Each structure stands twice: as structure tokens, then as C-alpha cells.
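Mapping of the sequence shown onto the numbering used here: residues 2 to 279, in sequence order. Glycine is no exception: its CB is placed at the ideal position from the N, C-alpha and C atoms. Computed from a predicted structure; not experimentally measured. To start, the structure itself, in C-alpha cells.
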Amino acid sequence: MSSQREQSIRRVSAPEITTRKGGEPVVCLTAYTAPMAEMLDAHCDLLLVGDSVGMVLHGLPDTVGVTLDMMILHGQAVMRGARRAMVVVDMPFGSYESSPEQAFANASRVLKETGCQAIKLESGPMIAETVAFLVRRGIPVMGHVGLRPQAVNVDGAFKAKGKTEDERLRVLAEAEATADAGAFAVVVEGVAEGLAREITEAIHVPTIGIGASAACDGQILVTDDMLGMFDWTPRFVRRYADLKGEIGSAVGAWAADVRARRFPGEAETYWSKRPVGG
Ligand code: KIV
């Protein structure tokens, strides 16, 4: 009988993702629930339980209000649905910035309570020390540079990065520091093609782009965006479905059937075997 460890070994691992640098593109999507993880698993190398869950599923205005408990709950759900893809859980705002020790206490809780393979954190200034601290203690880390959604209150809005020379140098330095500190991959969000190419050439681990051109080693999107679950999608997203429209049509048809007493019909009704009163 195979052990749990042997079964989980079939999953894509952090070192495997790292070896994809410059090779076959790394395919990643966000997932927050077990059924969605099950549907995405066969197609993706990596599923990210992103803190975007706060905006996508919980109706929050940004990711700042997301808690560690929310991430753990969704991480557990995704681990139940995904069998092969590597599962990475985002560290939410406030759970890792104050010290490497705080980051280790919270990240180890995420790994223990979800069974996921790695965590992701937004790699602002000073974060390299934390990345190295976690990796040395057995926690694979994915970095995140460029547009950092958790910094929305400092930036004032979700703004693309690298437009000025200062900013370009800062994003490049953050990516290099994150990779040198031992991150197995780095998400690059919201930067122009030139900077994405520069980062990808400068660091030895895969860059995973979101709104960061085809110059990256892999791509990630918020699944609900590419499936058309919202009226508005960012310019860098290509919609592959119109699920919001499909759901609206399906629910509208069902509601009309209920109102017209066409649902439930004979086929959707349990019939008793014995004649009534028999
Ligand atoms: O939270 C998230 O979904 C993310 C991706 C956009 C990379 O960080």
C-alpha cells in the first residue's frame, strides 16, 4: 500500500518549477475551491490560492482585508481538489512583514494546516531576509514583484510599475534580491515588456507573468477573469469563456420554468411505487 508521502510525490514540486527556467512555459492559475481545483488540475503546473480570493469570492474592495484563516480554509479546499499540480498559498497582508520569525510562524501554519507545497509573498523592500529565513527552514517561497496589490493604500490604486527609471531599478532589484534569497519562482505583475524581459534575463528562477507580457517564463491569471465571471476584465486578460453570461441565461431559464410551473417535470419527480391509498 502506498504511503501518503508516496502519493503526494506525484505532485509537481518547487525544484521542478525552478528547472523550467527558459524552457517549457510554466502554466499557473488561481484556485480557491475544491471543485475548481479539480477542474484546473490536469491543465496546470501550479495552482495559486491567491489572496485575490478576497475580491473574487468575498466581495472585498482589495486584498488588504484577507486573513490567514481565510487563506488556510481556501488552501485546504484546493488541496482536496488538486492531485498533481503544485499548490501555493498566498500569505495575506500583515502575516509576514514584521519579522522573519512572524513569517515563519504563519507560513509553517499554512503548510501544516493545508498540506500545500509552498507560500507566496509580495517581495517589497527588505523581504529578501525573510525569504532566506523561510527557505533555510524548509518553506519554499514564491516571490511577487512589480504591482503589489497589498500595497494599494501606499500606491493609491492598482497601478502598473516600472514607468520611471527609479521604479524600474527598484522592481528589478526586488526581483533579483528575491531570487538570490532562494525563491523558487517570482510572479511579475503589471510591468511593461521591456522590464519583464530584463527581470527574466537577470534572475535564475522562472518569472511568472500576470500583465507582464510573453517575455516571462510562465503565465498566471485569475481564473475567474479568464472565464468571464465579471463584467470588467483587465486589458491583459484574454477571456476564454463567458460564464457570467452562461449562468445568467441558465438561471433565467430555470426561474421562468418555475414561474410557469414547467419545473419540476415528471422526469425530476420521485413517484411512489405503491398506488396512493393502495
Ligand atoms: O492573489 C492573486 O491571485 C495573485 C495573482 C494575481 C498572481 O497574487
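When rounded, the separation of the alpha-carbon atoms in Asp232 and Arg262 is 32 Å.
For Ala119, no alpha helix (DSSP H) encloses it; the enclosing beta strand (DSSP E) starts and ends at 119-121.
Met227 sits in a helix when the DSSP states are folded into three classes. Distance from the CA of Arg260 to the CA of Ser273, rounded to the nearest whole angstrom, comes to 25 Å. For the options Asp167, Leu49, Gly253, the alpha carbon positioned closest to that of Val88 is the one of Leu49. Assignment of Leu58 by DSSP, reduced to helix, strand and coil, places it in the coil class. In terms of Cβ geometry, Met227 and Ala184 do not form a close pair [threshold 8 Å]. Its chain contains Met227 as the residues whose beta carbon lies nearer than 6 Å to that of Tyr241, once the 5 sequence neighbours on both sides are disregarded; these appear in chain order. Within the segment 58-90, no run of beta strand (DSSP E) at least 3 residues long lies entirely inside it.
The beta-carbon distance between Glu114 and Gln77, rounded to whole angstroms, is 7 Å. This is short enough to meet the 8 Å contact definition.
With contacts defined as CB atoms closer than 8 Å, Gly23 and Asp218 qualify as a contacting pair. Counting of Cβ neighbours within 10 angstroms places Met37 among the buried residues, the total reaching 16 or more.
Secondary structure note for Gly219: its beta strand (DSSP E) is the uninterrupted segment 219-222.
The C-alpha of Ala161 lies about 13 Å from the C-alpha of Gly210.
Just so you know, the alpha carbons of Asp243 and Ser250 end up roughly 11 Å apart.
Note that the C-beta distance between Glu123 and Gln103 is not below 8 Å. In terms of CA proximity to Asp225, Gly51 leads the group Ile200, Cys117, Thr270, Gly51. By the neighbour-count definition (other C-beta atoms within 10 Å, threshold 16), Pro16 is an exposed residue. For the options Gly147, Leu135, Phe94, the alpha carbon positioned closest to that of Ala106 is the one of Leu135. Taking non-hydrogen atoms of the ligand KIV into account, the C-beta of Leu49 is found less than 7 Å away from one of them. At least one heavy atom of the ligand KIV lies less than 7 Å from the C-beta of Thr31.
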